[in-house]
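Structure first, then comments.
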Amino acid sequence: MKNSKLASLLSKLSPKEFKEFGKFVKSPYFNSNSNVVKLYDLISKYFPNLDHPKLAKENIYLHIYPDEKYNDSTSRGLLSAALKLGEDFLAVSHLKDNEDRYKEFLLNELCERKIFDLFNIHLKKTRTELENIGDKDEDYFYLKYRIETLINSIDSKSYIPLTQKDIPGDINIKDTENLIIYFLVSILKRYNYLFTKTGSLNVALDMKFLDEIIAYLEKTDLREIPILNYHYNRAMLYRSNMDEKYFLELRKIFFDENNGLNQYERYNLLASISNYCVQKKKFSGDELSQAQYEQFKFAIENNILTVDHSEPIHPVMFSNIVNSQIHLDKENEAREFIQNFKDRLAPDRMESAENFNMARIYFKEKKFDKALECLELVQNEDIYYKIGVKNLYAMVYYDKNLIEELILLLESYKSFLNNTVVLGPRLRENHMNFILILFKILKLKDFGEKIDIEYLKHEINDTPSVLNGEWLIKKITELI
Amino acid sequence: MKNSKLTSLLSKLSPKEFKEFGKFIKSPYFNTNVNIVKFYDLIAKHFPDFANEKLTRENIYFHIYPGEKYNDSTARGLISSLLKLGEEFVVVDYIRHTKNHYTNFLLSVLSYKEIFDLFAVNLNTARKEAENISVKDDSYFFLKFRIETLLSQIDNKSYIPLTQKDIPGDMNTEDADSLINYFLIVILQKYNYLYSKTGSLNVEVDLNFLDEILSYLGKKDLKQIPILNFQYNRIMLYKSKMDVKYFNELKKVLYEDFEHLDRSDAFNLVGTLQNYCVQKHRSTNEDLTDFEYEIFKFAIEKNILVTDDSLYLSPILYSNIVSVMLHLDKIDEATEFILKYKNNIAPDRVETAFNFNMAKVFFAEKKFNESLSSLALAQNEDVFYKIFIKNLTAKIYYELGYIDELVLLLDAYKNLLTSNIIIHPSLKENHSNFISFTAKLIRLKDLKNKSELQYLKHEAENQPSLMSSDWLIKKITELI
Numbered sequence: 000m001k002n003s004k005l006a007s008l009l010s011k012l013s014p015k016e017f018k019e020f021g022k023f024v025k026s027p028y029f030n031s032n033s034n035v036v037k038l039y040d041l042i043s044k045y046f047p048n049l050d051h052p053k054l055a056k057e058n059i060y061l062h063i064y065p066d067e068k069y070n071d072s073t074s075r076g077l078l079s080a081a082l083k084l085g086e087d088f089l090a091v092s093h094l095k096d097n098e099d100r101y102k103e104f105l106l107n108e109l110c111e112r113k114i115f116d117l118f119n120i121h122l123k124k125t126r127t128e129l130e131n132i133g134d135k136d137e138d139y140f141y142l143k144y145r146i147e148t149l150i151n152s153i154d155s156k157s158y159i160p161l162t163q164k165d166i167p168g169d170i171n172i173k174d175t176e177n178l179i180i181y182f183l184v185s186i187l188k189r190y191n192y193l194f195t196k197t198g199s200l201n202v203a204l205d206m207k208f209l210d211e212i213i214a215y216l217e218k219t220d221l222r223e224i225p226i227l228n229y230h231y232n233r234a235m236l237y238r239s240n241m242d243e244k245y246f247l248e249l250r251k252i253f254f255d256e257n258n259g260l261n262q263y264e265r266y267n268l269l270a271s272i273s274n275y276c277v278q279k280k281k282f283s284g285d286e287l288s289q290a291q292y293e294q295f296k297f298a299i300e301n302n303i304l305t306v307d308h309s310e311p312i313h314p315v316m317f318s319n320i321v322n323s324q325i326h327l328d329k330e331n332e333a334r335e336f337i338q339n340f341k342d343r344l345a346p347d348r349m350e351s352a353e354n355f356n357m358a359r360i361y362f363k364e365k366k367f368d369k370a371l372e373c374l375e376l377v378q379n380e381d382i383y384y385k386i387g388v389k390n391l392y393a394m395v396y397y398d399k400n401l402i403e404e405l406i407l408l409l410e411s412y413k414s415f416l417n418n419t420v421v422l423g424p425r426l427r428e429n430h431m432n433f434i435l436i437l438f439k440i441l442k443l444k445d446f447g448e449k450i451d452i453e454y455l456k457h458e459i460n461d462t463p464s465v466l467n468g469e470w471l472i473k474k475i476t477e478l479i
Numbered sequence: 000m001k002n003s004k005l006t007s008l009l010s011k012l013s014p015k016e017f018k019e020f021g022k023f024i025k026s027p028y029f030n031t032n033v034n035i036v037k038f039y040d041l042i043a044k045h046f047p048d049f050a051n052e053k054l055t056r057e058n059i060y061f062h063i064y065p066g067e068k069y070n071d072s073t074a075r076g077l078i079s080s081l082l083k084l085g086e087e088f089v090v091v092d093y094i095r096h097t098k099n100h101y102t103n104f105l106l107s108v109l110s111y112k113e114i115f116d117l118f119a120v121n122l123n124t125a126r127k128e129a130e131n132i133s134v135k136d137d138s139y140f141f142l143k144f145r146i147e148t149l150l151s152q153i154d155n156k157s158y159i160p161l162t163q164k165d166i167p168g169d170m171n172t173e174d175a176d177s178l179i180n181y182f183l184i185v186i187l188q189k190y191n192y193l194y195s196k197t198g199s200l201n202v203e204v205d206l207n208f209l210d211e212i213l214s215y216l217g218k219k220d221l222k223q224i225p226i227l228n229f230q231y232n233r234i235m236l237y238k239s240k241m242d243v244k245y246f247n248e249l250k251k252v253l254y255e256d257f258e259h260l261d262r263s264d265a266f267n268l269v270g271t272l273q274n275y276c277v278q279k280h281r282s283t284n285e286d287l288t289d290f291e292y293e294i295f296k297f298a299i300e301k302n303i304l305v306t307d308d309s310l311y312l313s314p315i316l317y318s319n320i321v322s323v324m325l326h327l328d329k330i331d332e333a334t335e336f337i338l339k340y341k342n343n344i345a346p347d348r349v350e351t352a353f354n355f356n357m358a359k360v361f362f363a364e365k366k367f368n369e370s371l372s373s374l375a376l377a378q379n380e381d382v383f384y385k386i387f388i389k390n391l392t393a394k395i396y397y398e399l400g401y402i403d404e405l406v407l408l409l410d411a412y413k414n415l416l417t418s419n420i421i422i423h424p425s426l427k428e429n430h431s432n433f434i435s436f437t438a439k440l441i442r443l444k445d446l447k448n449k450s451e452l453q454y455l456k457h458e459a460e461n462q463p464s465l466m467s468s469d470w471l472i473k474k475i476t477e478l479i
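These protein sequence lines map, in sequence, to chains A and B. So for the first sequence, numbering that gives the first Met the number 0 puts the first residue at 0; every next one is plus one. So for the second sequence, numbering that gives the first Met the number 0 puts the first residue at 0; every next one is plus one.
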């Protein structure tokens with residue numbers, strides 16, 4: 000059975016689920032093959048060790064058909080039947096867990112079968128439950144749309160206008176209203192994801208229908224539907240190239256504890272407003288650094304560091320939080336954060352994240368050797384680490400006056416940026432400008448005229464996109 | 000148990016389903032209560048006779064707990080548990096037999112549990128099956144949207160850009176594209192339904208978002224998605240107040256893409272084309288009866304007189320088909336159609352529909368007394384029957400020379416139209432004009448004033464909205 004698809008499926012079941020699967024296999028509604036029951040009973044003796052020799056295909060066969068000659072085709076047939084039941088089990092148990100879909104299908108069946116007394120009871124119950132939901136997400140609107148569609152289909156089938164009393168009044172368009180909201184939330188959610196991806200990766204996008212959607216939303220009062228209001232402002236923030244008014248609106252939503260958003264949306268909201276701060280920091284300086292710090296503090300206090308509580312913290316989020324603390328000279332707070340939250344990183348990414356961020360703290364504290372020691376322990380786990388590590392190495396080498404090492408590093412850093420096609424153009428430009436300016440500083444370091452140095456300082460201020468601009472200015476100022 | 004909610008549900012199960020429900024009850028995955036099994040076995044003996052006296056609450060209790068004192072609360076609990084299982088059964092059975100939902104649930108849970116080898120196998124199968132479907136409707140696009148969303152989620156979680164090979168290329172927007180197509184098909188279906196409702200009933204609807212949707216669709220090549228192409232041209236036909244270019248597009252859809260429409264859309268397409276013919280005749284006097292006959296013949300041949308075989312034929316459609324046949328003097332064909340399809344009409348509406356249409360046949364054959372006898376058997380089931388019966392009666396009275404009766408009838412007919420607020424203004428105008436012309440006809444019948452008759456004929460020929468205009472013109476001509 001080893002390496003079979005059945006083993007692949009069963010290995011993902013918890014002991015409790017495996018037990019439930021046993022009941023499923025023994026349920027005449029799903030299975031009438033007693034040999035599959037025997038197979039289950041055999042597997043259950045060794046579960047979760049599915050590689051056990053007793054569970055080899057041949058041994059399974061001999062257990063089920065004692066005294067018979069091995070038949071590979073029968074054996075495979077048996078495993079395949081058990082696999083099909085395993086899939087049925089997963090699908091049915093997923094349905095049982097998915098309350099919204101269960102309610103939708105129940106109402107649908109009661110309506111289709113014209114069991115109207117039960118339909119009305121469940122309709123009333125579901126409506127009450129829906130109205131008591133705090134986080135009204137797209138699934139809420141989808142279920143409402145489906146319910147209203149069923150009601151309309153009943154009304155439409157039973158409506159016979161006979162007398163004046165039968166005037167239909169305004170037609171029920173709640174189904175279309177809820178369908179529209181469901182669609183808008185779902186599509187904006189996807190577009191917002193794509194917007195953030197295009198910010199860091201070099202990818203092309205065709206967002207069909209977005210112009211028309213925005214045109215419609217601009218004439219709609221969105222305050223009644225917080226999730227749609229949030230997605231609209233988020234999409235507009237990216238679309239307007241970071242217009243402050245959308246940032247302020249999003250910040251207001253973020254700090255509102257009763258904003259009606261679920262954990263997933265709160266996390267994405269945090270990512271959007273943080274992204275704004277990173278991109279705009281160069282122009283707005285400390286005010287935005289403070290704003291960024293407050294956002295992260297709120298996120299830590301309210302546990303909004305992941306999309307769901309079972310997920311590990313993303314290394315980029317981890318790093319951004321540390322960065323915001325270091326930027327405001329809160330190194331101890333940063334150190335504390337790293338210690339308290341490193342265990343919430345994925346185990347395979349924890350070491351690099353811890354060392355990279357500790358290296359930044361040491362660098363800020365001018366403990367350059369310690370920073371280098373930490374950097375050596377960082378693995379180039381992804382392209383962002385690669386460039387982040389190179390960047391920090393460059394600053395450490397400069398401050399330690401390791402000029403030859405620095406020149407070699409800058410060359411390889413530059414060639415890396417030139418060759419990589421994965422990075423988004425904005426991020427690449429950011430790093431490239433850092434390299435170019437640092438090269439210029441190096442040239443001016445020993446023999447530079449004051450006027451050239453002043454000019455370079457002026458040049459940095461005029462460069463819209465440069466990484467670690469403040470550090471570069473500081474280094475130039477030291478030369479004057 | 001009689002009149003209980005449980006009876007209400009069980010009575011809607013077919014014998015085959017009831018048997019399956021038995022297996023469901025005996026499945027340990029759903030039920031481990033042996034008393035429920037005993038309860039089912041008792042009902043099974045009497046199915047579908049739930050009114051059997053052996054099935055009173057007390058008798059059920061004594062069957063399950065022999066020798067014990069009756070406990071109403073326990074009896075109610077048993078019924079309630081079986082009802083709960085019945086509800087669960089209809090939902091689970093629906094999912095097992097609805098391919099799209101089953102696939103969606105299975106793929107979702109395989110993705111959630113990270114069983115990627117099985118996910119890939121099932122994904123390939125689902126994609127192949129989906130592409131081989133000729134009718135790509137809303138459920139096709141919804142499933143595609145769900146599948147592509149799962150794929151994007153998996154890609155997103157597992158994507159770590161490390162080397163040049165990891166360039167993501169263009170982002171996968173198939174999920175967003177499928178969601179848009181799903182939404183557009185459903186919302187246009189709903190908007191078209193609302194448009195057709197406002198055409199016959201005096202109600203108003205606010206179709207917000209329609210302008211933006213049409214602006215987007217106007218830029219798209221819709222030929223690849225026949226259902227969307229149909230819905231778009233259908234709504235444009237209504238919106239443009241019957242522009243012939245959309246009518247021609249819809250004709251093309253009927254003859255070239257019929258196989259790609261589901262039955263409900265095909266039914267609605269026939270209805271839309273027929274509606275165009277009627278409206279054009281009303282507004283421009285253009286006679287499109289030959290085409291109407293052609294599409295009705297097509298609908299009869301393709302079995303699309305109803306959207307689903309379990310539904311009854313609409314009395315309005317039944318009547319419209321007869322009218323078209325009679326207009327083309329195909330009296331035998333009309334009689335044959337009435338007889339052949341009368342059993343397809345809902346039992347409570349068949350008598351009126353049959354007699355009303357037979358009255359039309361007799362009228363065409365100039366058998367006015369037989370026609371009146373048939374009309375006497377037709378009930379005023381709804382407001383539309385009321386006005387059409389009055390219209391036919393008026394013509395019969397005229398033909399029979401019952402002028403006093405006719406005058407009285409026209410008064411009642413006029414009163415009905417004036418006081419009724421359900422009938423749409425254009426339909427009201429149509430009938431009001433008939434009354435007014437018939438009144439003039441009566442007045443001129445004895446006077447035989449040729450010039451006034453000629454003027455009346457000219458007026459009738461140029462009146463865009465006139466019920467039974469052909470008959471009226473014929474009657475005026477007979478007097479000249």
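In this text, a Cβ means the ideal position worked out from N, Cα and C, and glycines have one as well. Computed from a predicted structure; not experimentally measured.
Proximal residues to residue i (C-beta, below 8 Å), its chain only, five neighbours per side dropped
| i | result |
| --- | --- |
| residue 396 (chain A) | 402, 404, 405 and 408 |
| residue 465 (chain A) | 281, 429, 432, 433, 436, 459 and 471 |
| residue 236 (chain B) | 242, 245, 246, 249, 271 and 275 |
| residue 254 (chain A) | 297 |
Residues of its chain near residue i, where Cβ-Cβ distance is below 7 Å and the 5 sequence neighbours each way are ignored
| i | result |
| --- | --- |
| residue 323 (chain B) | 288, 291, 292 and 295 |
| residue 12 (chain B) | 20 |
| residue 246 (chain A) | 236, 272 and 275 |
| residue 241 (chain A) | 275, 278 and 279 |
Residue i (DSSP reduced to helix, strand or coil)
| i | result |
| --- | --- |
| residue 166 (chain B) | With a pLDDT of 47 at residue 166 (chain B), under the threshold of 50, the predicted position of this residue should be treated as unreliable, though the coordinate-derived value follows. Three-state result, residue 166 (chain B): coil. |
| residue 180 (chain A) | helix |
| residue 161 (chain A) | With a pLDDT of 47 at residue 161 (chain A), under the threshold of 50, the modelled position of that residue is not reliable, and no figure is offered here. |
| residue 193 (chain B) | helix |
| residue 101 (chain A) | helix |
| residue 47 (chain B) | coil |
| residue 353 (chain B) | helix |
Of the residues the options, the one placed nearest residue i, counting alpha carbons only
| i | options | result |
| --- | --- | --- |
| residue 408 (chain B) | B:441, B:422 and B:48 | B:441 |
| residue 352 (chain B) | B:373, B:27, B:154 and B:153 | B:373 |
| residue 303 (chain A) | A:332, A:270 and A:330 | A:270 |
| residue 57 (chain A) | A:49, A:71, A:292 and A:150 | A:71 |
| residue 435 (chain B) | B:133, B:406 and B:336 | B:406 |
| residue 29 (chain A) | B:239, B:95, B:450 and B:191 | B:95 |
| residue 92 (chain A) | A:39, A:32, A:66 and A:15 | A:15 |
Bridge partner(s) assigned by DSSP for residue i
| i | result |
| --- | --- |
| residue 421 (chain B) | In DSSP, residue 421 (chain B) forms no bridge with anything. |
| residue 344 (chain B) | B:312 |
| residue 344 (chain A) | A:312 |
Same chain, Cβ closer than 6 Å to residue i, neighbours up to 5 away in sequence not counted
| i | result |
| --- | --- |
| residue 385 (chain B) | 379 |
| residue 343 (chain B) | 312 |
4 or more residues per run - each alpha helix (DSSP H) lying fully within the segment 221–255 of chain B: Fully enclosed alpha helix (DSSP H) runs of 4 or longer: 225–238 and 243–255.
Length at least 3, wholly inside the segment 409–471 of chain A: the beta strand (DSSP E) runs in chain order: None, since the segment 409–471 of chain A contains no complete beta strand (DSSP E) of that length.
Whole alpha helix (DSSP H) elements within the segment 361–395 of chain A, 4-residue minimum: 367–375, all fully within the segment 361–395 of chain A.
Complete alpha helix (DSSP H) runs within the segment 83–127 of chain A (minimum length 4 residues, chain order): With a minimum length of 4 residues, the continuous alpha helix (DSSP H) runs that stay inside the segment 83–127 of chain A are 98–111.
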